[in-house]
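I have placed the structure first, in the form of structure tokens, so that the comments after it can refer back to it.
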Amino acid sequence: MTPPPAHAPSTPLSGPQKALQKLGLLRPIDLALHLPLRYEDETRITRLGDARDGEVVQIEGVVTSCEVRVRGQRQLLVTLDDGSETCQLRFFSFYPSQQKALAVGQRIRARGEIKGGFGGLQMMHPTFKAATGALPTALTPVYPTAAALPQAYLRRAVLGGLERADLAETVPIDSLAVDVRALAWSLRKALTFLHLPAPDVALATLQDPNHPAWQRLKFEELLAQQLSQLQAKRERERLRAPELRVLREQPQAGAPLHEQLLGALPFRLTAAQRRVSEEIMRDLARPVPMHRLLQGDVGSGKTVVAALAAAICIAAGHQCALMAPTEILAEQHFRKLIGWLEPLGVKTAWLTGSQKTKERRETLALIASGEANLVVGTHAVIQDKVAFRNLALAIIDEQHRFGVAQRLALRSKLTEAEQEPHLLMMTATPIPRTLAMSYYADLDVSTIDELPPGRTPIVTKVVSEARRDEVIERISAQLAQGRQVYWVCPLIEESEALDLTDATQTHAQLSETLRGAGGAGLQVGLLHSRMPAAEKKAVMALFTSGAMGVLVSTTVIEVGVDVPNASLMVIEHAERFGLSQLHQLRGRVGRGANASACVLMYSTGDAPRLGDTARERLKAMVETSDGFEIARRDLEIRGPGEFLGARQSGAALLRFADLVADAPLLERARRLAPLMLDQQPDLAARHVARWLGGKAQYLKA
Ligand code: ADP
Ligand code: MG
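Okay, so the sequence shown: first residue is 1361 according to the working numbering, each after it adds one.
Below, the structure written as structure tokens:
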């Protein structure tokens, strides 16, 4: 017999209760940590005679008329007289109880935006209440809420939560040698200050991010995040994984596989590639699952590092899987890895969602028997039906595009001995330091901070759409020199159909113009996400072989495509792209020895000029080609939300702390977390529970 869960409701929940639950406001502490969005000043009454058009004010007066108008849109019209002037209050939706509260003769206080006009003063949908009792003496908090959850109800619930919540100190201020000025105020004092502002406290004070109340909240939040990430990391340390060691005492087998691979490469590893490979090898040799992020700018040569790791895994008698977010990218990896590893006797299998049943069945059999040493594909590789014989290393390219759920699925592919596979994630979007310290604190990070020699820098130009003809001339010039060109059109999810017309129109226009310019036999190709996989493959093959001069595409080429002869990239509607995305795209050129260029073509649409954010982004692209600097500016311009991509779906974003502005607080929380876990594990557990409740599980993925 299992007892029912303690929180099982004995009576059905009311509407507002359900809404509270939806907002995640379940425990008293959740309510207490639900902070006001803003404050309203209900301490003063404005005389209608003094109110100015557009001002948000509180007025008080007697209702002199109240009627429901049924002609046109049904509405409630109320006239309020305060002795200096009258004002009409209009409601388009209203309950009978509200109508009653606004009956003629009632004295009420209403709050809203005053509109002047020929018809006299008006307020649309003001909030109102009976004018009883004295005016409040302090500012009134307004909480973020949802449908079916009135402010007044929520406010009572929050104050109730504040009363009942356990706010005992969880941060060991004295026992640990961390200087934390942010703890000048206790949590209780901070919350009381913000939920129940004192009469003399000004709005600016309540909203001052440097106020001790906010500093305390931000620090607590950051500390909870640091603790949970560190905990996840330590829990992982307790898991088992196969030890993938390089064995040298088998002279009949010759040099170890990864050394054979190195010997066969047409280039030497850069110092950075050597360093990160060693870091990875050290991890693989441990009986604990690796959880490492390999970051390196586009073109820095991550693939070969992945291949070396795969070689070590395979030489140790285990299987390795490599996944990429798109089929095109996966296919590129597949070709490259076959080229490198099959001559050395490695058997490679290819697996995607678009395969025919028979082919797929055969591949699955190869994977299950262990005959396939290396499996390359899209995320089809981690579907339930794919059973490995002894998977020991999973490599995920462009990890930020993989969701938390997919990573969990991967980790459930245990080996026979109940061991977890090692995990290597790769990304060309370098994670800014503050993000690495917070959201990715549970990962070990290796960084390739050096490009292979012999690359020529890319010249970036920003031009207006009005100069399209010049841009096309430039394309002709490149083609005449035997070079190849990318033309990228944006893809916005909501209007994929529209974008397709963009891409197809551009394709038609370029085919026409460039053929006219004498490029006999020149091919202009089109690539977009709606095309069948086989067609995409054919187009990519033509472009890779050099038979196709221009590739018009939506952002499907964003990652991974490697055609060294391509020397010009034109990005249409560059203003619509994010900074990191532009950087990724630009990385497709400048891969060979030829001078390369990237043209960011913008359109202002109907606006007279480009918006500030877009302008800033394009300027950043011209000013720097350093992926880290670009990532830092991206974080500044957009905030961490978008940056985190998939991760945000699982991990609650920080509510109060700002990673850029509060970096010093983050640094302190990061130093305190390990001390606290070691010396005060109970406090640490209470602190995490307070802030993350049931959400901590997600952070481990
Ligand atoms: P990314 O890090 O963007 O995935 P790739 O692994 O695709 O970069 O490498 C980009 C190109 O550089 C490839 O053609 C690859 O073969 C080449 N490359 C990688 N390492 C080196 C090196 N050490 N010296 C010269 N070329 C290299
Ligand atoms: Mg790559």
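Glycine residues also receive a C-beta, built at the ideal position from the N, C-alpha and C atoms.
Please read these numbers as outputs of a predicted model, since none were measured by experiment.
| Check | Outcome |
| --- | --- |
| Residues near residue 1364 by beta carbon distance below 8 Å, same chain, minus five either side | Low confidence applies here, because residue 1364 scores a pLDDT of 41, under 50, leaving its location unreliable; read the following figure in that light. For residue 1364, where only same-chain residues beyond five positions count, there are no Cβ hits under 8 Å. |
| Euclidean distance between Cα positions of residue 1980 and residue 1825 | 19 Å |
| Collapsed DSSP secondary structure at residue 2060 in the structure displayed | Its pLDDT being 42, under 50, residue 2060 is placed unreliably in this model, and the coordinates cannot settle the point. |
| Helix, strand or coil at residue 1786 [DSSP, three-state] | strand |
| The ligand MG heavy atom lying under 7 Å from the CB of residue 1663 | yes |
| Any non-hydrogen atom of the ligand MG within 7 Å of residue 2042 CB | no |
| Beta-ladder partner(s) of residue 1425, from DSSP | 1439 |
| Opposing strand residues paired with residue 1400 [DSSP bridges] | 1500 |
| Stretch-stretch touch, CB-based, cutoff 8 Å, three pairs: the stretch 1975-1994 with the stretch 1835-1851 | no |
| Where residue 1660 falls: helix, strand or coil (DSSP) | coil |
| Element boundaries [alpha helix (DSSP H), containing residue 1946] | 1939-1946 |
| Beta-ladder partner(s) of residue 2063, from DSSP | For residue 2063 there is no data in the structure shown, the boundaries of the chain being 1361 and 2061. |
| Residue 1922: CB within 7 Å of a non-hydrogen atom of the ligand ADP | yes |
| Touch test, the stretch 1382-1397 against the stretch 1466-1476, Cβ-Cβ under 8 Å, three pairs minimum | no |
| Three-way DSSP call (helix, strand, coil) for residue 1814 in this model | coil |
| Check: residue 1757 C-beta below 7 Å from any heavy atom of the ligand MG | yes |
| Assigned exposure category for residue 2022 - 16 Cβ within 10 Å defines buried | buried |
| Helix, strand or coil at residue 1923 [DSSP, three-state] | coil |
| Contact set for residue 1874: own chain, Cβ-Cβ below 8 Å, skip 5 residues either direction | 1832, 1835, 1836, 1839, 1882, 1884, 1909, 1910 |
| Pair within 8 Å by beta-carbon distance, residue 2030 and residue 1567 | no |
| Minimum length 4: unbroken alpha helix (DSSP H) runs contained in the stretch 1610-1676 | 1617-1624, 1631-1644, 1662-1675 |
| Inter-residue spacing [alpha-carbon to alpha-carbon] between residue 2061 and residue 1527 | Reliability fails at residue 2061, whose pLDDT of 39 lies under 50, so the model's placement of it is uncertain and the value that follows must be treated cautiously. Taking the straight line joining both Cα atoms gives about 29 Å. |
| C-alpha distance - residue 1715 paired with residue 1894, whole-angstrom precision | 10 Å |
| Beta-carbon proximity list for residue 1496, same chain, < 8 Å, skipping 5 on both sides | 1402, 1403 |
| Sub-8 Å separation of residue 1781 and residue 1753 beta-carbons | yes |
| Supposed contact pair residue 1396 and residue 1554 - C-beta distance, whole angstroms, cut 8 Å | 6 Å |
| Exposure label - residue 1919; buried when at least 16 CB within 10 Å | Its pLDDT being 48, under 50, residue 1919 is placed unreliably by the model, and the measurement read from it follows with that caveat. Residue 1919 should be labelled buried. |
| Candidates 1829, 2027, 1899, of which the one nearest residue 1932 by Cα | 1829 |
| Near the ligand ADP: residue 1614 beta-carbon under 7 Å from a heavy atom | no |
| Residue 1627: CB within 7 Å of a non-hydrogen atom of the ligand ADP | yes |
| Assigned exposure category for residue 2057 - 16 Cβ within 10 Å defines buried | Its pLDDT being 43, under 50, residue 2057 is placed unreliably in this model, and the value from its coordinates should be taken loosely. Answer is exposed; the Cβ neighbour count stays below 16. |
| For residue 1451 and residue 1406, the rounded distance between their alpha carbons | 21 Å |
| Span separating the alpha-carbon of residue 1624 from that of residue 1641 | 20 Å |
| Beta-carbon proximity of residue 1394 to residue 1518, cut-off 8 Å | yes |
| Distance, residue 1549 Cα to residue 1409 Cα | 41 Å |
| Residue 2011 versus residue 2033 - alpha carbon distance | The predicted position of residue 2011 is uncertain, since its pLDDT is 42 and thus under 50; a value taken from the coordinates is nonetheless stated next. One C-alpha to the other measures close to 18 Å. |
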